[in-house]
Amino acid sequence: MDPLTAVLKAAQRAAHWHTGQRRKGAAQEPYINHLIEVARLVAEATGGDDPNLVVAALLHDAVEDQPVSRAAIAQEFGEDVAALVVEVTDDKTLPKQQRKRLQVEHAPALSPRAAILKLADKTSNLTALAVSPPADWNASRRLEYVQWGRDVVAGLKVENPWLAERFADAADAAERAARG
0 MDPLTAVLKA AQRAAHWHTG QRRKGAAQEP YINHLIEVAR LVAEATGGDD
50 PNLVVAALLH DAVEDQPVSR AAIAQEFGED VAALVVEVTD DKTLPKQQRK
100 RLQVEHAPAL SPRAAILKLA DKTSNLTALA VSPPADWNAS RRLEYVQWGR
150 DVVAGLKVEN PWLAERFADA ADAAERAARG
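Every letter in the sequence shown is one number past the one before it in numbering that gives the first Met the number 0, and letter 122, counting from 1, is 121.
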């Protein structure tokens, strides 16, 4: 399958798999907006030279949040995409605090491509937190989330100044918004 078709097919599958899912922010945006933003950040960070990574960005939460298996992703999009998705997938059977701790601990071990995907994901999450935080998150919880995001990213082995700058800007904006 040619790269453009693969990206569009992944976008369609992601929209289908995440139908009805909303972001946690007060605006309750459709979740597909997040997936598209992460894919765009990955595409820009790589100069569009890694279509499989863009596909993985569109699908990065499918196994974690939806009843989609690694095998289903591999069958439709190949082993490379499936491996990238699984590499950034949390084990939802674990308690939330343990999952958060494991993200920090596992960040240094991520492959360079998965690290770019993780960095784009954290950038998108902090961008959203700055403009539309969950209604039930007080300033302290928002600041804690920003620090956790920074802790995860600090462990990533990413040589991408452009994306690192986007993350820093998003983290700073989320911190400023939380502090009022």
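Note that CB positions come from ideal geometry on N, CA and C, so glycine has one too.
Predicted model only: the values in this text are computed from it and were never measured.
In this chain, Lys91 is not harboured by any alpha helix (DSSP H), its DSSP state being neither H nor E.
Pairing Leu155 with Leu118 gives a Cβ-Cβ distance under 8 Å. Sequence-distant Cβ neighbours of Val145 in its own chain, meaning closer than 8 Å and more than five residues away, are Leu125, Leu128, Ala170, Ala173, Glu174 and Ala177.
The DSSP-derived three-state label of Arg21 is strand.
For Gln11, the enclosing alpha helix (DSSP H) covers residues Pro2 to Trp16.
Pro29 sits in a strand when the DSSP states are folded into three classes.
Val152 sits in a helix when the DSSP states are folded into three classes. Leaving aside the five residues that flank Ala25 on each side, the residues in its chain whose CB is nearer than 6 Å to its CB run, in chain order, Ser131 and Ala134. In this chain, the alpha helix (DSSP H) harbouring Pro50 covers Pro50 to Leu58. Secondary structure at Glu36: helix, using DSSP grouped into helix, strand and coil. Of Ile72, Phe76 and Ser68, the smallest CA-CA separation from Asp90 is found for Ser68.
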